[in-house]
Amino acid sequence: MEEPKFYKDFSSDFLSGEFNQFVFSGNIYDIFEYENEYLNLSDYLTKKLSNTRTVIIFNVAEGIDFVSKKERDEFINILSENLTFFESFEDKRSWVIKGIAASKSSPLEGLKILKEAVDLSQKKDTPKNFPKSFAILIEHAETLIPDMEVSRMFDFDRQKLVFLRDWLCDEKFIKSNNLLMFISQTTSEIHKSVVNLPSMDNVVIDYPDFTERKSFIEKEIKKHELKCDIPIERATDLTAGLNINGIRHIIVGTRYTKIPLTEDLILSKTEEVIKGTIGDYIKVINPDHGFEAVYGASKIKSELQRQVKIIKLNDSSIIPRGYLICGRNGVGKTYIMEAFAKELGWLCIELKNLRQKYLGETDVVFERVKNVLESFKNVMVFIDEADTMFGGRGQDVHETEKRLTGNFIKMIGDPKNRGKILWVFITSRPDLLLPDFIRRLEIKIGFFNPKGDDRLDFLKNILSDVEIDYTKLTDEEKTKITDVFKEFSPAEFKMLSTQLKAEKKLKGSTLTIDEIASLMKRFNLNIGREKYIEQDEYAKAFSTFVDMIE
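Residue numbers 21 to 570, in the working numbering, belong to the letters of the sequence shown in order.
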């Protein structure tokens, strides 16, 4: 089995002598194959390193832990023999044992024990030294040295931070053959003064790509004789954003329930697992309608169908980075773009709740979301009400907001994401978006109130909902109903259709044209009209194609 990319990068950086301090971030909750079994990250690193090193695992809940009792006893005895601040061996041994025990409640005591041992291993004039170099794994590093202002820290948190910084900057340690590895889902959660040390290397563990996911799914389906109602390629596409551990959970559930793997099942489980991994910041959308359910909007549908063909050529050099969809409220922007997603067949997600109220939390959320998004092969990312999502870069904007905005601008513009991530910004106020976003969203499409045949298409559909065939109406009836209908918008179409069906049920028989026209006249269509006119003007100003401006 080939080693994962992150382990190759780590090995190369360490063996070159450039680094011996690492932060492992990203997909840390995955499982990794080792000799025909799957292990979590700590166990995988332990297996890989334990032949040539003494592996010590440390976290704030369990303190110092060893791979075996033999290594624990050896550690205690050798360290005790070399201590100089006690007379008797028993006093020395007692101090080490108490320090290991105390590390469960006092992380600083644990760090002191570890540093004492590492310092000893670097000496050459000791009567008895450790037989192997150390590899120290610090799990949940964000709980040991969280990223918070020093002024807000308790004394013991400041002590831990100062102690670690001094240790990591020690030239003897930097030049030694010992390893110190921090594990955290995001580097944003670890104190920046540690993460940004020149001696510290960040190893990002990527989410599995299409080939890795497909291989695992095929192997598990064959191994457990599972039934899959969709092609393996489609099942693999739908698990984008999941790690192998998440896919395993879906497989285990399917084995138990005996339910075949279906598109709906995978999508629902995918959303559950992603939420469990990174939080409630991504919503998986499974559009239940394509262009066949979109009435009117003939020019928009024609252009979007053209865009589908371009994207399906799979040439990243001609696939747009994204789309800016602008137009008045209630004109059907989101509904039509969901149909676009359905026609394209890509996984479709919506970003939400990105802004957080606590200092530094927004940076953590972004890093988690970025790691997941960049693991997708083909994904369409919806940002509805995009003008309210990002705070801009003005003087009155908080630094956290500026960083969030800047980070998204970088991610959208990153060449490696072109053809993999398709951004869809939906807004009625494109003028409020930063020019950096406007430039990167190469195709801008204005959505307008339907006119002519497009409006007639809507009217025919609404009348058919109450069992009236427009083509069988007299010219006088057509004129009467069309004149009343001309001011309605697509959002009002739906409301009108609902009210007409309700009226028909109340009456208990088919409505007449006069009754329909009478109900239409009841609607107050002046609400927000000035705002809609303004939004139409913005849509015209930002549209890429002049022939689509109504």
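We treat Cβ as the ideally placed atom computed from N, Cα and C, and that holds for glycine.
Where are the beta strand (DSSP E) runs, 3 residues long or more, that stay fully inside the segment 344-396, in chain order?
367-371
Nearest residue (CA-CA) to G83, options S114, I48 and A122:
What you label residue 83 is simply residue 63 of the sequence shown in a count that begins at 1. If we check each option's Cα against that of G83, A122 comes out closest.
Given this structure, state the Cα-to-Cα distance separating K242 from G273, to the nearest angstrom.
For the purposes of this step, residue 242 is taken as the residue at position 222 of the sequence shown. For the purposes of this step, residue 273 is taken as the residue at position 253 of the sequence shown. Going by the C-alpha atoms only, they are around 16 Å apart.
Which residues in the same chain as V1 place their Cβ atom closer than 6 Å to its Cβ, once the five residues preceding and following it in sequence are excluded?
An answer regarding residue 1 cannot be provided, because it is not within the stretch 21 to 570 covered by the chain.
Using 8 Å as the threshold, is the C-beta distance between G347 and G472 below it?
In the sequence shown, residue 347 corresponds to position 327, counting from 1. In the sequence shown, residue 472 corresponds to position 452, counting from 1. No; because the gap between Cβ atoms is not below 8 Å, this pair is not in contact.
Taking the continuous beta strand (DSSP E) assigned at M201, which residues delimit it?
In the sequence shown, residue 201 corresponds to position 181, counting from 1. Residues L199 to I203.
So what's Q142 in DSSP terms, helix, strand or just coil?
The sequence position of residue 142 within the sequence shown is 122, counting from 1. Here Q142 sits in coil by DSSP.
Leaving out the 5 sequence neighbours to the left and right, which residues in its chain are closer than 7 Å to N265 when beta-carbon positions are compared?
As a first step, residue 265 is located in the sequence shown; it is residue number 245 there, counting from the start. Answer for N265: Y49, D50 and I51, listed in chain order.
Selected residue, minimal CA-CA separation from S141, among L103, V504, E240 and D335
To locate residue 141, count along the sequence shown from 1; it is residue 121. Of L103, V504, E240 and D335, the residue nearest in Cα terms is L103.
When we look at the beta-carbon of N71 and count the other beta-carbons within 10 Å, is it buried (16 or more) or exposed?
Along the sequence shown, one-based indexing puts residue 71 at 51. With fewer than 16 other Cβ atoms within 10 Å, it is exposed.
In terms of alpha-carbon separation, which member of D474, N391, K353 and L479 lies closest to R449?
Here residue 449 is taken as the residue at index 429 of the sequence shown, counted from 1. Checked all of D474, N391, K353 and L479; the closest Cα to R449 is K353.
Hey, is the segment 104-116 in contact with the segment 177-193, meaning 3+ C-beta pairs nearer than 8 Å?
no
Residue from E23, L287, L246 and E283 with nearest C-alpha to T277:
In the sequence shown, the residue the question calls residue 277 occupies position 257. Of E23, L287, L246 and E283, the residue nearest in Cα terms is L246.
Quick one: grab the DSSP three-state call for N79.
As a position in the sequence shown, residue 79 is number 59, starting the count at 1. Note: N79 maps to strand in three-state DSSP.
Which of helix, strand or coil DSSP assigns to E136
Position 116 of the sequence shown, counting from 1, holds the residue named residue 136. In this structure, E136 counts as helix in the three-state DSSP scheme.
Integer-rounded CB distance, given that L539 should sit under 8 Å from K523
Within the sequence shown, residue 523 is the residue found at index 503, counting from 1. Within the sequence shown, residue 539 is the residue found at index 519, counting from 1. First, the amino acid is wrong: residue 523 is Glu here, not Lys. About 6 Å; that satisfies the 8 Å criterion.
Per-residue burial, Q205 [other beta carbons within 10 Å of its own, 16 or more giving buried]:
Within the sequence shown, the letter at position 185 stands for residue 205. So Q205 counts as buried.
Span of the beta strand (DSSP E) around A155
What you label residue 155 is simply residue 135 of the sequence shown in a count that begins at 1. Unbroken beta strand (DSSP E) run through A155: S153 to I158.
C-alpha distance - S235 paired with F386, whole-angstrom precision
Within the sequence shown, numbered from 1, the residue matching residue 235 stands at position 215. Within the sequence shown, numbered from 1, the residue matching residue 386 stands at position 366. Cα-Cα distance, rounded: 29 Å.
Own chain partners of A81 with C-beta closer than 7 Å, once the 5 adjacent residues on each side are dropped:
The count along the sequence shown starts at 1 and reaches residue 81 at position 61. Here the set comprises nothing.
Which whole-angstrom value describes the C-beta separation of K67 and L59, a residue pair presumed to lie in contact below a C-beta threshold of 8 Å?
As a working mapping, residue 67 is identified with position 47 in the sequence shown. As a working mapping, residue 59 is identified with position 39 in the sequence shown. Their Cβ separation, rounded to whole angstroms, is 6 Å, which keeps K67 and L59 in contact under 8 Å.
Could you pull the DSSP bridge partners for K303 from this structure?
As a working mapping, residue 303 is identified with position 283 in the sequence shown. Its beta-bridge partners are E370.
How long is the line joining the alpha carbons of K25 and E232, rounded to whole angstroms?
Start at 1 with the first residue of the sequence shown, and residue 25 comes out as number 5. Start at 1 with the first residue of the sequence shown, and residue 232 comes out as number 212. C-alpha separation (whole angstroms): 12 Å.
Measuring alpha carbon to alpha carbon, tell me which residue in S337, L262 and E292 is nearest N437.
As a position in the sequence shown, residue 437 is number 417, starting the count at 1. Closest option to N437, Cα to Cα, is S337.
The segment 162-173 touching the segment 194-214, judged by at least three CB pairs closer than 8 Å:
yes
Start and end of the beta strand (DSSP E) containing T564?
For the purposes of this step, residue 564 is identified with residue 544 of the sequence shown, where counting begins at 1. T564 -> no beta strand (DSSP E), and no H or E assigned at all.
Counterpart residues of W115 in DSSP-defined beta bridges:
Counting from one through the sequence shown, the residue named residue 115 turns up at place 95. Its beta-bridge partners do not exist; DSSP assigns none.
Closer than 7 Å: Y27 CB and nearest the ligand MG heavy atom
You won't find the ligand MG in this model; it holds no ligand whatsoever.
Best match in I237, T420 and L262 for proximity to I250 [C-alpha to C-alpha]:
Here residue 250 refers to the residue found at position 230 of the sequence shown. Closest by alpha carbon: I237.
Coil, strand or helix - M515 by DSSP:
The residue you call residue 515 lines up with position 495 of the sequence shown. DSSP places M515 in helix when its eight states are reduced to three.
Can you grab the Cα-Cα spacing for the pair T297 / F42, in whole Å?
Here residue 297 refers to the residue found at position 277 of the sequence shown. Here residue 42 refers to the residue found at position 22 of the sequence shown. Cα to Cα, the separation comes out at about 22 Å.
Classify N47: buried if its beta carbon has 16 or more other beta carbons within 10 angstroms, exposed otherwise.
Along the sequence shown, one-based indexing puts residue 47 at 27. By the neighbour-count rule (16 or more Cβ atoms within 10 Å), N47 is buried.
Limits of the unbroken beta strand (DSSP E) element including F105:
For the purposes of this step, residue 105 is taken as residue 85 along the sequence shown, with counting starting at 1. Note, F105: premise wrong, no beta strand (DSSP E); not H, not E.
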